[in-house]
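Inspection log for the structure reproduced underneath, given as structure tokens.
Protein chains: 2
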Amino acid sequence: MNTLAEENYLKAIFKLSGKQKEAVSTNAIAEELETKASSVTDMIKKLTEKKLVNYQKYQGTSLTKKGHEIAVHIVRKHRLWEVFLLKKLKFQWDEVHDVAEQLEHIKSPKLVEHLDTFLCFPQYDPHGDPIPNKNGEFPKSFSAPLIDFAAGSKGKVVGVSQDNPAFLQYLDKLEIQLGSKIQVIEKIEFDQSLEVKINGKATHISSEVAKNILIKQ
Amino acid sequence: MNTLAEENYLKAIFKLSGKQKEAVSTNAIAEELETKASSVTDMIKKLTEKKLVNYQKYQGTSLTKKGHEIAVHIVRKHRLWEVFLLKKLKFQWDEVHDVAEQLEHIKSPKLVEHLDTFLCFPQYDPHGDPIPNKNGEFPKSFSAPLIDFAAGSKGKVVGVSQDNPAFLQYLDKLEIQLGSKIQVIEKIEFDQSLEVKINGKATHISSEVAKNILIKQ
DNA sequence: AAATAAATTTAGACAAGCCTAAAAATATTT
DNA sequence: AAATATTTTTAGGCTTGTCTAAATTTATTT
Chain Y
526 MNTLAEENYL KAIFKLSGKQ KEAVSTNAIA EELETKASSV TDMIKKLTEK KLVNYQKYQG
586 TSLTKKGHEI AVHIVRKHRL WEVFLLKKLK FQWDEVHDVA EQLEHIKSPK LVEHLDTFLC
646 FPQYDPHGDP IPNKNGEFPK SFSAPLIDFA AGSKGKVVGV SQDNPAFLQY LDKLEIQLGS
706 KIQVIEKIEF DQSLEVKING KATHISSEVA KNILIKQ
Chain H
526 MNTLAEENYL KAIFKLSGKQ KEAVSTNAIA EELETKASSV TDMIKKLTEK KLVNYQKYQG
586 TSLTKKGHEI AVHIVRKHRL WEVFLLKKLK FQWDEVHDVA EQLEHIKSPK LVEHLDTFLC
646 FPQYDPHGDP IPNKNGEFPK SFSAPLIDFA AGSKGKVVGV SQDNPAFLQY LDKLEIQLGS
706 KIQVIEKIEF DQSLEVKING KATHISSEVA KNILIKQ
């Protein structure tokens with residue numbers, strides 16, 4: 526069984542290493558967890574000992590198969606709890622994260638599976654992030670940041686990757702909501718900004734905004 | 526904010542000190558928490574520092590008003606989660622305790638209150654124990670162990686005060702379930718055992734068993 | 001390629017929470 | 001009331017997870 530601190534490190538490495546599972550730098554982990562690089566080095570050594578990460582001095586860290594499985598399971602729990610808080614307990618969009626951050630560490634296999642059943646096996650959480658099933662498999666159709674879509678592609682807004690109030694208010698102004706239909710008209714080379722149609726209406730958004738809107742085709 | 530260990534100490538002292546809030550011995554706390562007396566002394570000093578307990582060397586420990594409030598709040602959370610696990614997630618009677626033991630430490634005032642609302646403000650948990658409201662007040666009508674009832678009295682089984690599997694299996698054999706109607710026919714002076722009627726059917730149970738069945742009239 | 005800067009690791013320290021063993025205080029016997 | 005037993009506390013130590021400061025390695029400039 527892993528400690529709370531270990532779980533948080535695995536989750537951070539998972540988050541930082543992306544789909545290709547690249548090695549993650551010590552400083553990046555330190556920043557993600559708001560701790561010091563020396564603390565990270567200490568913990569990475571323990572995780573190496575437990576065969577949860579691959580680590581070579583000065584060369585960064587990546588998850589082993591076992592470490593990856595644990596991280597995905599924590600992500601699963603986090604996102605299921607977010608759905609529970611939003612759908613069942615009537616939390617607001619931006620209130621769920623901190624509580625889910627605590628709930629994700631509860632240890633009870635039965636609890637997760639019964640919660641999943643109770644929620645009718647949701648595939649996405651309130652932020653539009655995919656929820657892995659109990660075997661750690663993500664739903665086939667992924668959401669991705671709007672900025673990653675080519676000109677011409679169409680999709681639906683399934684979430685955001687930021688819940689900064691100013692950002693959410695700006696989306697409101699642009700009339701971008703969960704479920705809005707969105708089409709990429711043109712990508713501006715110069716500043717990576719986008720011409721898009723939102724629910725049929727043309728508008729223009731910056732790359733900063735496009736990075737944080739999640740789309741599912 | 527209190528640590529997990531601190532919360533468990535407060536809960537243990539609350540449990541041991543009963544309604545009259547008597548001082549509790551160091552050894553009793555150590556036994557309750559399955560730890561050593563010396564560890565208890567250490568922690569009690571910290572809790573004294575934080576004004577959560579009253580403590581005089583060699584004279585035992587009692588909760589301050591503040592400590593009592595915190596303990597009651599943890600009990601509230603524990604029992605609400607038990608109801609959630611049983612009623613919503615379809616856990617078995619004897620599976621809820623260990624998970625609730627973890628969930629009770631989640632810190633989010635909003636979570637507790639929304640959970641309470643979601644569960645429609647239950648007054649008793651699956652073991653028949655009363656659930657304090659958000660002001661820390663217990664419901665007026667308490668359940669009591671079967672053994673405390675006089676010959677002739679009638680009531681309903683609202684819980685048990687043990688969740689040892691052998692005990693629960695034995696109850697099953699006696700056809701005693703949550704909600705069973707029970708009437709005390711006779712109390713045997715000699716060994717404190719009881720003649721009872723369970724759902725109309727006469728049977729005989731030992732004092733050991735009668736101590737652990739909770740009845741509400 | 002040498003010098004400088006940045007990233008990472010090591011060394012040593014600290015708080016929390018636990019432990020064992022020994023000392024001190026309290027309770028119980030005789 | 002003295003002797004013995006029990007309870008509780010103290011002293012010192014260990015592990016986990018953190019920190020700062022210094023040393024080392026890698027990356028970037030000049």
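If you read the protein sequences in the order shown, they are chains Y and H. Residues in the first sequence are numbered from 526 upward in steps of one, following the working numbering. Residues in the second sequence are numbered from 526 upward in steps of one, following the working numbering. Just so it is clear, CB atoms sit at the ideal spot from N, CA and C, and this is done for glycine as well.
Which residues in the same chain as residue i place their Cβ atom closer than 6 Å to its Cβ, once the five residues preceding and following it in sequence are excluded?
{"i": "L558/Y", "result": "A537"}
{"i": "A562/H", "result": "T551, N552, A555"}
{"i": "L640/Y", "result": "L605"}
{"i": "A625/H", "result": "H603, W606, E607"}
{"i": "L611/Y", "result": "V621, P651"}
{"i": "N737/Y", "result": "V685, S686, Q687"}
{"i": "D623/Y", "result": "none"}
Out of the options, state which residue places its alpha-carbon closest to the alpha-carbon of residue i.
{"i": "K544/Y", "options": "P651/Y, S587/Y, N737/Y, F692/Y", "result": "S587/Y"}
{"i": "Q584/Y", "options": "V549/Y, F715/Y, L535/Y, K571/Y", "result": "V549/Y"}
{"i": "P651/Y", "options": "F643/Y, L541/Y, K613/Y", "result": "K613/Y"}
{"i": "T560/H", "options": "L699/H, A530/H, D697/H, Y580/H", "result": "A530/H"}
{"i": "I723/H", "options": "I672/H, L610/H, G704/H, K665/H", "result": "G704/H"}
{"i": "S564/Y", "options": "D623/Y, Y580/Y, Y534/Y", "result": "Y534/Y"}
{"i": "L628/H", "options": "T642/H, H598/H, V721/H", "result": "H598/H"}
{"i": "Q648/H", "options": "D623/H, V683/H, K679/H, F674/H", "result": "V683/H"}
{"i": "T566/Y", "options": "I740/Y, K582/Y, K576/Y", "result": "K582/Y"}
{"i": "K698/Y", "options": "F674/Y, I730/Y, G680/Y", "result": "I730/Y"}
{"i": "C645/Y", "options": "F609/Y, F674/Y, S668/Y, L541/Y", "result": "F609/Y"}
{"i": "E547/H", "options": "K576/H, Y580/H, E574/H, V721/H", "result": "Y580/H"}
{"i": "A596/H", "options": "G661/H, V721/H, F643/H", "result": "G661/H"}
Just the chain H side, please: which residues come within less than 9 Å of residue i by C-beta, in chain order?
{"i": "I631/Y", "result": "V624, Q627, L628, I631"}
Excluding the 5 residues flanking residue i on each side, which residues of the same chain have their C-beta closer than 7 Å to its C-beta?
{"i": "V578/H", "result": "I538, I569, L572, T586, S587, L588, T589, G592"}
{"i": "K615/H", "result": "none"}
{"i": "H630/Y", "result": "L529, E532"}
{"i": "S732/Y", "result": "I672, D716, Q717, S718"}
{"i": "F663/Y", "result": "P655, P657"}
{"i": "V721/Y", "result": "I707, Q708, V709, I710, T728, I730"}
{"i": "E714/Y", "result": "none"}
Grab the span of the alpha helix (DSSP H) containing residue i for me, first residue to last.
{"i": "E733/H", "result": "732-736"}
{"i": "L498/H", "result": "Within the shown structure, residues of chain H are numbered from 526 to 742, placing residue 498/H beyond reach of any answer."}
{"i": "A711/H", "result": "Note on identity: in this sequence residue 711/H is Glu, with Ala being the wrong assignment. First-last for E711/H: 706-712, but that is the beta strand (DSSP E), not the alpha helix (DSSP H)."}
{"i": "V637/H", "result": "634-643"}
{"i": "I554/H", "result": "551-557"}
{"i": "A625/H", "result": "621-628"}
{"i": "L693/H", "result": "690-698"}
{"i": "M568/H", "result": "562-574"}
I'd like the span of the beta strand (DSSP E) that includes residue i, first residue to last.
{"i": "V721/Y", "result": "719-723"}
{"i": "N779/Y", "result": "The requested residue 779/Y is not part of the displayed model; chain Y covers only 526 to 742."}
{"i": "I599/Y", "result": "Where I599/Y is concerned, there is no enclosing beta strand (DSSP E), although the alpha helix (DSSP H) it sits in stretches over 590-608."}
{"i": "V685/H", "result": "679-685"}
Report the neighbours of residue i on chain H: residues whose CB is nearer than 7 Å to its CB, in chain order.
{"i": "K615/Y", "result": "H639"}
{"i": "F643/Y", "result": "K613, L614"}
Name, please, each residue of chain H whose Cβ falls closer than 8 Å to the Cβ of residue i.
{"i": "K659/Y", "result": "Here the premise fails: no neighbours, minimum Cβ distance about 15 Å."}
{"i": "F667/Y", "result": "The premise fails here: F667/Y is roughly 29 Å from chain H at the closest Cβ pair, so nothing lies under 8 Å."}
{"i": "E620/Y", "result": "K635"}
Between residue i and the rest of its own chain, which residues show a CB-CB distance below 8 Å, the 5 nearest in sequence each way excluded?
{"i": "M526/Y", "result": "K632"}
{"i": "Y695/Y", "result": "V734"}
{"i": "E700/H", "result": "I723, N724, K726"}
{"i": "L541/Y", "result": "V549, A553, I554, E557"}
{"i": "Q702/Y", "result": "V682, L696"}
{"i": "P670/H", "result": "S686, A735, K736, N737, I738, L739, I740"}
{"i": "S668/H", "result": "Y649, G653, D654, P655, V683, G684, L739, I740, K741"}
At a CB-CB cut-off below 8 Å, which residues of chain Y make contact with residue i?
{"i": "E531/H", "result": "What E531/H touches in chain Y: nothing, since even the nearest Cβ is about 16 Å away."}
Can residue i be considered in contact with the ligand COA, in the sense that its beta carbon sits closer than 8 Å to one or more heavy atoms?
{"i": "M526/H", "result": "The model depicted lacks the ligand COA and carries no ligand whatsoever."}
Cβ contact check for the stretch 597-614 of chain Y and the stretch 634-653 of chain Y: 3 or more pairs under 8 Å: yes
Inter-stretch contact (C-beta, 8 Å, three-pair minimum) for the stretch 618-626 of chain Y and the stretch 688-697 of chain Y: yes
Inter-stretch contact at 8 Å, needing at least 3 Cβ pairs: the stretch 700-709 of chain Y / the stretch 655-664 of chain Y: no
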